[in-house]
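One structure below.
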Amino acid sequence: MLKGSESVDTLPRVEFPDDVHEEGLRDWENALVEQFVSKIPNFGSFQKTLSLLWGEGEEIVLMPVGKNLFVVQFSNSEARNRILEKGPWHIQNQLLLV
(Lines of atoms letter the chains of each structure in order from A and count residues from 1; the text may use other names and numbers.)
(Lines give C-alpha, C1' and ligand atoms only; values in the text may rest on other atoms or scores of the structure.)
Protein backbone atom coordinates (compact mmCIF):
# COMPACT_ATOMS: atom_id res chain seq x y z
CA MET A 1 0.00 0.00 0.00
CA LEU A 2 1.23 3.48 -0.82
CA LYS A 3 2.09 5.92 1.91
CA GLY A 4 2.14 9.69 1.98
CA SER A 5 2.73 11.31 -1.39
CA GLU A 6 3.60 8.17 -3.36
CA SER A 7 1.79 7.69 -6.65
CA VAL A 8 0.87 5.03 -9.19
CA ASP A 9 1.44 5.83 -12.86
CA THR A 10 2.09 9.46 -11.83
CA LEU A 11 -1.42 9.87 -10.38
CA PRO A 12 -1.51 11.12 -6.79
CA ARG A 13 -3.15 8.88 -4.25
CA VAL A 14 -4.66 9.80 -0.91
CA GLU A 15 -5.13 7.32 1.90
CA PHE A 16 -7.61 7.59 4.73
CA PRO A 17 -8.26 5.42 7.79
CA ASP A 18 -10.53 2.39 7.54
CA ASP A 19 -12.99 3.87 10.07
CA VAL A 20 -13.50 6.89 7.79
CA HIS A 21 -14.17 4.55 4.86
CA GLU A 22 -16.66 2.50 6.89
CA GLU A 23 -18.47 5.62 8.09
CA GLY A 24 -18.80 6.83 4.50
CA LEU A 25 -20.25 3.49 3.43
CA ARG A 26 -22.82 3.64 6.24
CA ASP A 27 -23.76 7.21 5.32
CA TRP A 28 -24.58 6.26 1.71
CA GLU A 29 -25.78 2.64 1.96
CA ASN A 30 -29.44 3.66 1.59
CA ALA A 31 -28.92 6.09 -1.29
CA LEU A 32 -29.71 5.82 -5.00
CA VAL A 33 -28.30 7.83 -7.89
CA GLU A 34 -30.81 9.01 -10.50
CA GLN A 35 -30.76 10.66 -13.89
CA PHE A 36 -33.43 11.70 -16.37
CA VAL A 37 -33.15 10.38 -19.92
CA SER A 38 -34.31 13.64 -21.51
CA LYS A 39 -35.94 16.80 -20.16
CA ILE A 40 -35.30 17.59 -16.49
CA PRO A 41 -38.44 18.58 -14.55
CA ASN A 42 -38.50 21.55 -12.22
CA PHE A 43 -36.55 20.55 -9.09
CA GLY A 44 -39.24 21.60 -6.61
CA SER A 45 -41.89 19.70 -8.53
CA PHE A 46 -39.58 16.69 -8.85
CA GLN A 47 -38.90 16.71 -5.11
CA LYS A 48 -42.60 16.92 -4.23
CA THR A 49 -43.50 14.13 -6.66
CA LEU A 50 -40.81 11.81 -5.25
CA SER A 51 -41.97 12.47 -1.70
CA LEU A 52 -45.54 11.55 -2.67
CA LEU A 53 -44.58 8.47 -4.70
CA TRP A 54 -41.67 7.15 -2.69
CA GLY A 55 -42.01 8.57 0.81
CA GLU A 56 -44.84 6.33 2.04
CA GLY A 57 -44.58 7.95 5.47
CA GLU A 58 -40.79 7.90 5.50
CA GLU A 59 -38.39 10.74 4.97
CA ILE A 60 -36.44 10.92 1.73
CA VAL A 61 -33.84 13.53 0.87
CA LEU A 62 -33.26 14.55 -2.74
CA MET A 63 -29.92 16.19 -3.55
CA PRO A 64 -28.79 17.56 -6.91
CA VAL A 65 -25.16 16.50 -7.46
CA GLY A 66 -24.62 17.59 -11.05
CA LYS A 67 -26.43 18.61 -14.20
CA ASN A 68 -29.28 16.10 -14.47
CA LEU A 69 -27.81 13.94 -11.70
CA PHE A 70 -29.43 13.41 -8.31
CA VAL A 71 -28.95 11.36 -5.16
CA VAL A 72 -31.93 10.24 -3.08
CA GLN A 73 -31.21 9.25 0.51
CA PHE A 74 -33.72 6.88 2.12
CA SER A 75 -34.13 6.28 5.85
CA ASN A 76 -33.65 2.51 5.50
CA SER A 77 -32.74 -0.26 3.06
CA GLU A 78 -36.33 -1.53 2.80
CA ALA A 79 -37.50 1.81 1.38
CA ARG A 80 -34.55 1.90 -1.04
CA ASN A 81 -35.17 -1.67 -2.19
CA ARG A 82 -38.90 -1.01 -2.69
CA ILE A 83 -38.03 1.72 -5.21
CA LEU A 84 -35.58 -0.51 -7.05
CA GLU A 85 -38.11 -3.33 -7.29
CA LYS A 86 -41.09 -1.22 -8.44
CA GLY A 87 -39.45 0.57 -11.40
CA PRO A 88 -39.23 1.75 -14.10
CA TRP A 89 -40.10 5.25 -12.96
CA HIS A 90 -41.52 8.16 -14.94
CA ILE A 91 -41.73 11.61 -13.36
CA GLN A 92 -43.78 14.20 -15.26
CA ASN A 93 -43.71 11.89 -18.30
CA GLN A 94 -39.90 11.72 -18.22
CA LEU A 95 -38.03 8.43 -17.77
CA LEU A 96 -35.95 8.42 -14.61
CA LEU A 97 -32.96 6.07 -14.50
CA VAL A 98 -32.37 4.73 -10.99
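For the sequence shown, the positions run 36 to 133 when this note's numbering is used.
Heads up, the beta-carbon is just placed ideally off N, CA and C, and yes, glycines get one too.
Treat the numbers as computed from the prediction; the structure is a model and nothing was measured.
Neighbourhood of E93 by C-beta, 8 Å cutoff - its chain only, sequence neighbours within 5 removed: Its chain contains F109, S110, N111 and A114 as the residues whose beta carbon lies nearer than 8 Å to that of E93, once the 5 sequence neighbours on both sides are disregarded; these appear in chain order.
DSSP state of V96 mapped onto helix, strand, coil: Under the three-state reduction of DSSP output, V96 falls in the strand class.
Simplified DSSP assignment, three categories, for I126: strand
Stretch pair the region 115-133 + the region 66-73: three plus CB contacts closer than 8 Å: yes
8 Å Cβ cutoff met for L67 and Q82: no
DSSP state of F78 mapped onto helix, strand, coil: helix
Sequence-distant residues of its chain with Cβ nearer than 6 Å to W89 (five each side left out): I95 and I118
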